[in-house]
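J.:
Protein chains: 2
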Amino acid sequence: MQINIGLIGFGTIGAGVVKILQKSASSIEEKTGVRLCLKRIADLDITTTRGVEVEPELLTTKAEEIIYADDIDVVIELIGGYEPARTIVLSAMRAGKSVVTANKALLSRYWEEIFQTAAESQVAFYAEASVGGGIPIISAITQGLVANEICEIYGIINGTCNYILTKMSDECLEFSEALKQAQTNGYAEADPAFDIEGIDTAHKLSILSSISFGGHVSLDDISIEGITKITKQDIDYAKELGFVIKLIGVAKRLSANEIEASVHPVMIPENHLLSSVNDVFNAVYLIGDFVGPMMFYGKGAGQLPTASAIVSDLVMLAHQGKGLINARASLTMEENMIKVRKTDSISSRYYLRITAEDRPCVLANIAGILGKYGISIASCIQKERGQFVPIIMLTHEAEEGNLRTAIAEIDGLPEIKDKTVCISLMVY
Amino acid sequence: MQINIGLIGFGTIGAGVVKILQKSASSIEEKTGVRLCLKRIADLDITTTRGVEVEPELLTTKAEEIIYADDIDVVIELIGGYEPARTIVLSAMRAGKSVVTANKALLSRYWEEIFQTAAESQVAFYAEASVGGGIPIISAITQGLVANEICEIYGIINGTCNYILTKMSDECLEFSEALKQAQTNGYAEADPAFDIEGIDTAHKLSILSSISFGGHVSLDDISIEGITKITKQDIDYAKELGFVIKLIGVAKRLSANEIEASVHPVMIPENHLLSSVNDVFNAVYLIGDFVGPMMFYGKGAGQLPTASAIVSDLVMLAHQGKGLINARASLTMEENMIKVRKTDSISSRYYLRITAEDRPCVLANIAGILGKYGISIASCIQKERGQFVPIIMLTHEAEEGNLRTAIAEIDGLPEIKDKTVCISLMVY
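Quick mapping for you: the protein sequence lines, in order, are chains A and B.
Adding 2 to a residue's 1-based position in the first sequence gives its number in the working numbering.
Adding 2 to a residue's 1-based position in the second sequence gives its number in the working numbering.
1. Quick check on B/Lys-341: does DSSP put it in helix, strand or coil?
2. Which residues does DSSP list as the beta-bridge partners of A/Arg-52?
3. Mapping DSSP to helix, strand and coil, what is A/Ala-358?
4. Return helix, strand or coil for A/Thr-144, following the three-state DSSP convention.
5. If you count every other CB in all the chains shown that lies within 10 Å of the CB of A/Pro-416, and 16 or more means buried, which is it?
6. Would the segment 297-312 of chain A and the segment 301-310 of chain B be scored as touching if the rule is three or more Cβ pairs under 8 Å?
7. For A/Met-269, which residues from the same chain have a beta carbon less than 8 Å from its beta carbon, with the 5 sequence-adjacent residues on both sides left out?
8. Which residues mark the beginning and the end of the alpha helix (DSSP H) in which A/Gly-370 is found?
9. Where does B/Gln-305 land, buried or exposed, given buried means 16+ other C-beta within 10 angstroms?
10. Counting only beta-carbon atoms, is A/Ala-149 nearer than 8 Å to chain B?
11. 8 Å is my cut-off, CB to CB: does A/Ile-22 come that close to chain B?
12. For the alpha helix (DSSP H) containing A/Glu-32, list its first residue and its last residue.
13. Indicate whether at least one CB of chain B lies closer than 8 Å to the CB of A/Thr-14.
14. So does the segment 249-260 of chain A actually touch the segment 109-126 of chain A, counting three or more Cβ pairs closer than 8 Å?
15. Nearest by alpha-carbon distance to A/Ala-358: which of A/Leu-181, A/Tyr-165, A/Lys-419, A/Ala-400 is it?
16. Using beta-carbon positions only, say whether B/Thr-233 and B/Glu-176 come within less than 8 Å of one another.
17. Quick check on the burial criterion: 16 or more other C-beta atoms within 10 angstroms. Buried or exposed for A/Thr-50?
18. By the 10 Å Cβ neighbour count, where 16 or more other Cβ atoms means buried, how is B/Thr-63 classified, buried or exposed?
19. Straight-line CA distance for B/Ile-201 to B/Ile-383?
20. I believe B/Ile-140 touches B/Ile-213 by the beta-carbon criterion, under 8 Å. Please report the beta-carbon distance rounded to the nearest angstrom.
21. With a cut-off of 8 Å on the beta carbons, I'd call A/Ser-128 and A/Asp-315 a contact; round off their distance for me.
22. Give the DSSP bridge partners of A/Glu-401, in chain order.
23. Would the beta-carbon of A/Pro-267 fall within 8 Å of that of A/Leu-249?
24. Between the beta-carbon of A/Glu-402 and the beta-carbon of A/Ile-348, is there less than 8 Å?
25. Assuming the contact rule is C-beta atoms closer than 8 Å, A/Met-318 and B/Gln-145 should be a hit. Round their C-beta distance to whole Å, please.
26. Closest to B/Ala-94 by CA distance: which of B/Ile-74, B/Asp-238, B/Lys-324 is it?
27. Taking the C-alpha atoms as reference points, what is the distance between A/Ile-237 and A/Thr-168?
28. Within 10 angstroms of its Cβ, does A/Cys-363 collect 16 or more other Cβ (buried), or is it exposed?
29. For A/Met-269 and chain B, any beta-carbon pair shorter than 8 Å?
30. Using a Cβ cut-off of 8 Å (strictly closer), state whether B/Gln-4 contacts chain A.
31. From B/Lys-421 to A/Cys-174, what does the alpha carbon distance come to, in whole angstroms?
32. Answer yes or no: does any C-beta atom of chain A fall closer than 8 Å to that of B/Thr-357?
33. Looking only at its own chain, which residues have a Cβ that is under 6 Å from the Cβ of A/Val-91, when we skip the five neighbours before and after it?
34. Compute the distance between the beta-carbons of B/Glu-217 and B/Tyr-189, then report whether it is under 8 Å.
35. Counting only the same chain and skipping the five closest in sequence on each side, list residues whose C-beta sits under 7 Å from that of B/Ile-68.
36. Give me, in chain order, the residues of the same chain whose beta-carbon lies closer than 6 Å to that of A/Ala-311; leave out the 5 immediate sequence neighbours on both sides.
Have a look at this one:
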């Protein structure tokens, strides 16, 4: 069976797809019976070399020559961002082409429109590469774990943040130093906001939870906190207490039609497998009602891992047509019963770092406020001496809303210097 | 789309399949469009209760009433072992039924016959549950990573051994004590030989490597060593040196058509993710040429995880028909070009525990023999005093054949008391 492919967007990932097809199309055909045939590549810039040789007649600057071509079955969209990617994806589907993409921002925002258009146009839409790079996590959830209700998801799904936190921990760096290293090594953009403020993680969590819980969980449903407030001090204290700090996208089923979803730094017990996921690696840890806990680990970004996921989508599409991701997504259209609970009513244990003047009664005042809101202290470290000292507390389980109110009150005390840092603990 | 199912073998896993279908068939239909309809259950014993209620008219003692039934599309074989499982699987396929099984022993031994019969009979054969329980590792390799050549596989794929080694390490137990605990907790059979001698791991490695390398790797191709020789002492020394001992099934591509495959205890560096896979959990760590390293982790056994994999096969079969595992396996029929290299010519680093009389020149004699065979010592620990002392050595890379010869010679020295224990190091 031959699949004719048009590639729109000839950047790093696009060049990766071309590399894999050049090297492995024949072995893929041998293994699967599917002949992947690249017919055309569209990009505004068709003169820059991409580290891969292509016949000049494959190249065009006009996306329409792919979207409306009679000899193309599948369009791979690798432009990224919202426009013109959205228009191209929708037009291609309306023109009868199936679409494969790695575009998490697009899918997260235009979920309904994309899957509705795919269903109306009777084409397939695949997006394995949009979450976790080369890790086949979407097909694991929609296929391998199809018998399960997913109960909980914990994802380390942003390589930039994980690299920065790993460097801070391993080399005792401050956040700004680790960020600079990430930028030097090509793991962070010149403007890193999108990654370090948790937006990229939230896009991916939106896709993972929509697939897992059967309702579109949009970016607005997800409370988001990045890693910019994490200091070397927090990482050191975490270590002392037996924890590692990671940026995690968390989603949990609370009842049949209610979930919570959030992105924030989490203190993970150092004997939990997620605590060993380091550098730019990604991992998705999830709990299914029948399989129990599982973890999928691998490279979450990079040219060839991401291209590997795209090529697997092409083969899947050839074998399954509209696959299980399409069926699952259609469900989210018809019965979007999922409500996302506000984080205020969610309970967790917390790490607090309070920076206070070293004078009598400070601890009493803080403990008094916490007690007033029903928050009890599991352990406390106050070691250093100086004008201002960090007071580290681990709380027992507490409601986030109560905790926020208590912290606001604590931060209003005259003896408190900086805003209190608050990191939730992974309880499992 | 409706799939009519006949279940043959109503033991623990069979009852698990029934439980999942009773609880989740309607949500699976909603998610996938596939209605899984259990038509009949065959077992010699249809009177014992299995913790699940079934209508009595579903039950039969005659497998033929499933194999030759007109109203059944798929047979789930859960008898285990070679016969009558083999005859049932082959007859069912010849009668036009697709087959889903968890039977690793059967698949490992009768690989060619099974896939040949499936191809001739134009039916599908799925076996996700045969390796790694609930972990969707076979579909990950055949689908999600289809663009990749798999270069290396390291599997912790026997829960019994992993439980025993974890207990020995965490609770400082000797092998026999840990085995007894495993038996008490239902993680080891009364006759544990099959697990602790590495045979079960080898069956699963045979399947993983056949799928990954495109040639049938049989049990005879795999050199097998279990965990019975591992002592508390070895585990303690490993810890001191920064390693954890696990029973690993290893397969590596050495060239386009040559691989190695073996099952043996391996010392894994404690900063490697595999070293954190504990208790009865399984994990498969693999390296693909494009995706790089990946790990899949989860419950490798148990009623519901295993049944979860079987049910996912039913859905896959409905969506794909003869899926990618069938295509991949057919390849192994046509061009079984894979040669398995003898372990003698394989190189590794090694841990040696030599038990010698504490007298002059012992170390010199040992080092002399190692040197004669070109084996150089990276580090050495000799601490205790007594009539017989353990001498611990880590070697640099050495050929297994040379090492075996050297050890035989060392063990022949008059001052050596016990057989030398030799464990290879995971070098990655």
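Built from N, CA and C at the ideal position, the CB exists for glycine as well.
Being a predicted model, the structure only gives us computed values, none of them experimental.
T.: The structure says:
1. On the second sequence, residue 341 of chain B is found 339 positions in, with the first residue counted as 1. Three-state DSSP puts B/Lys-341 in a strand.
2. Reading the first sequence from its first residue, position 50 is the one you call residue 52 of chain A. None, per the DSSP bridge assignment.
3. To locate residue 358 of chain A, count along the first sequence from 1; it is residue 356. Secondary structure of A/Ala-358 (DSSP, three-state): strand.
4. Against the first sequence, residue 144 of chain A aligns to sequence position 142. Correct three-state label for A/Thr-144: helix.
5. One-based indexing of the first sequence puts residue 416 of chain A at position 414. Burial check for A/Pro-416: the Cβ neighbour count within 10 Å stays below 16, so the residue is exposed.
6. Verdict: no, contact absent.
7. Locating residue 269 of chain A in the first sequence gives position 267, counting from the first residue. The residues are Ala-240, Leu-243, Phe-245, Val-246, Ile-247, Tyr-353, Ile-425, Ser-426, Leu-427, Met-428.
8. For this step, residue 370 of chain A is matched to residue 368 along the first sequence. Run containing A/Gly-370: 364-374, per the alpha helix (DSSP H) assignment.
9. Within the second sequence, numbered from 1, the residue matching residue 305 of chain B stands at position 303. Buried: at least 16 other Cβ atoms inside 10 Å.
10. Walking along the first sequence from the start, residue 149 of chain A turns up at place 147. Yes, A/Ala-149 counts as interfacial toward chain B.
11. What you label residue 22 of chain A is simply residue 20 of the first sequence in a count that begins at 1. Judged by the 8 Å Cβ criterion, A/Ile-22 is in contact with chain B.
12. For the purposes of this step, residue 32 of chain A is taken as residue 30 along the first sequence, with counting starting at 1. Here the alpha helix (DSSP H) through A/Glu-32 covers 14-34.
13. Position 12 of the first sequence, counted from the start, is the residue given in the question as residue 14 of chain A. No, its Cβ sits nowhere closer than 8 Å to a Cβ of chain B.
14. No, they do not touch.
15. Within the first sequence, the letter at position 356 stands for residue 358 of chain A. Closest by alpha carbon: A/Lys-419.
16. In the second sequence, the residue the question calls residue 233 of chain B occupies position 231. In the second sequence, the residue the question calls residue 176 of chain B occupies position 174. Annotated as proximal: B/Thr-233 and B/Glu-176, with beta-carbon spacing under 8 Å.
17. Position 48 of the first sequence, counted from the start, is the residue given in the question as residue 50 of chain A. Classification of A/Thr-50: exposed, given that the 10 Å Cβ count is below 16.
18. For the purposes of this step, residue 63 of chain B is taken as the residue at position 61 of the second sequence. The residue is exposed, with fewer than 16 neighbouring Cβ atoms inside 10 Å.
19. Mapped onto the second sequence, residue 201 of chain B falls at position 199. Mapped onto the second sequence, residue 383 of chain B falls at position 381. The alpha-carbon atoms of B/Ile-201 and B/Ile-383 are separated by roughly 33 Å.
20. Along the second sequence, one-based indexing puts residue 140 of chain B at 138. Along the second sequence, one-based indexing puts residue 213 of chain B at 211. Their Cβ separation, rounded to whole angstroms, is 6 Å, which keeps B/Ile-140 and B/Ile-213 in contact under 8 Å.
21. Along the first sequence, read from residue 1 onward, the residue named residue 128 of chain A stands at position 126. Along the first sequence, read from residue 1 onward, the residue named residue 315 of chain A stands at position 313. Looking at the sequence provided, one finds Tyr at residue 128 of chain A rather than Ser. A/Tyr-128 to A/Asp-315, Cβ: 4 Å. Contact.
22. Looking up residue 401 of chain A in the first sequence gives position 399. The bridge partners DSSP lists for A/Glu-401 are A/Ser-349.
23. Counting from one through the first sequence, the residue named residue 267 of chain A turns up at place 265. Counting from one through the first sequence, the residue named residue 249 of chain A turns up at place 247. With contacts defined as CB atoms closer than 8 Å, A/Pro-267 and A/Leu-249 qualify as a contacting pair.
24. Counted from its first residue, the first sequence places residue 402 of chain A at position 400. Counted from its first residue, the first sequence places residue 348 of chain A at position 346. Cβ atoms of A/Glu-402 and A/Ile-348: closer than 8 Å.
25. As a first step, residue 318 of chain A is located in the first sequence; it is residue number 316 there, counting from the start. As a first step, residue 145 of chain B is located in the second sequence; it is residue number 143 there, counting from the start. Under the criterion of beta carbons closer than 8 Å, A/Met-318 and B/Gln-145 qualify as touching, at roughly 6 Å.
26. As a first step, residue 94 of chain B must be located in the second sequence, where it is residue number 92. The option with the nearest alpha carbon to B/Ala-94 is B/Ile-74.
27. In the first sequence, residue 237 of chain A corresponds to position 235, counting from 1. In the first sequence, residue 168 of chain A corresponds to position 166, counting from 1. The straight-line gap from Cα to Cα measures roughly 10 Å.
28. The count along the first sequence starts at 1 and reaches residue 363 of chain A at position 361. Exposed is the call here.
29. Residue numbering aside, residue 269 of chain A sits at position 267 when the first sequence is read from its first letter. Not one chain B Cβ lies under 8 Å of A/Met-269.
30. Translated into positions along the second sequence, residue 4 of chain B becomes position 2. Not an interface residue.
31. As a working note, residue 421 of chain B is residue 419 in the second sequence. As a working note, residue 174 of chain A is residue 172 in the first sequence. Computed Cα separation, rounded: 46 Å.
32. Translated into the one-based positions of the second sequence, residue 357 of chain B becomes position 355. For B/Thr-357, the nearest beta carbon of chain A is not closer than 8 Å to its own beta carbon.
33. Numbered from its first residue, the first sequence carries residue 91 of chain A at position 89. The residues are Glu-79, Val-101.
34. As a first step, residue 217 of chain B must be located in the second sequence, where it is residue number 215. As a first step, residue 189 of chain B must be located in the second sequence, where it is residue number 187. Going by the sequence as given, residue 217 of chain B is Gly instead of Glu. No Cβ-Cβ contact shorter than 8 Å links B/Gly-217 with B/Tyr-189.
35. Locating residue 68 of chain B in the second sequence gives position 66, counting from the first residue. Beyond the five residues adjoining it in sequence on each side, B/Ile-68 comes within less than 7 Å, by CB distance, of Gly-8, Ile-10, Arg-42, Ala-44, Ile-74, Val-77 in the same chain, given in chain order.
36. What you label residue 311 of chain A is simply residue 309 of the first sequence in a count that begins at 1. Correct list, in chain order: Glu-130, Ala-131, Gly-136.
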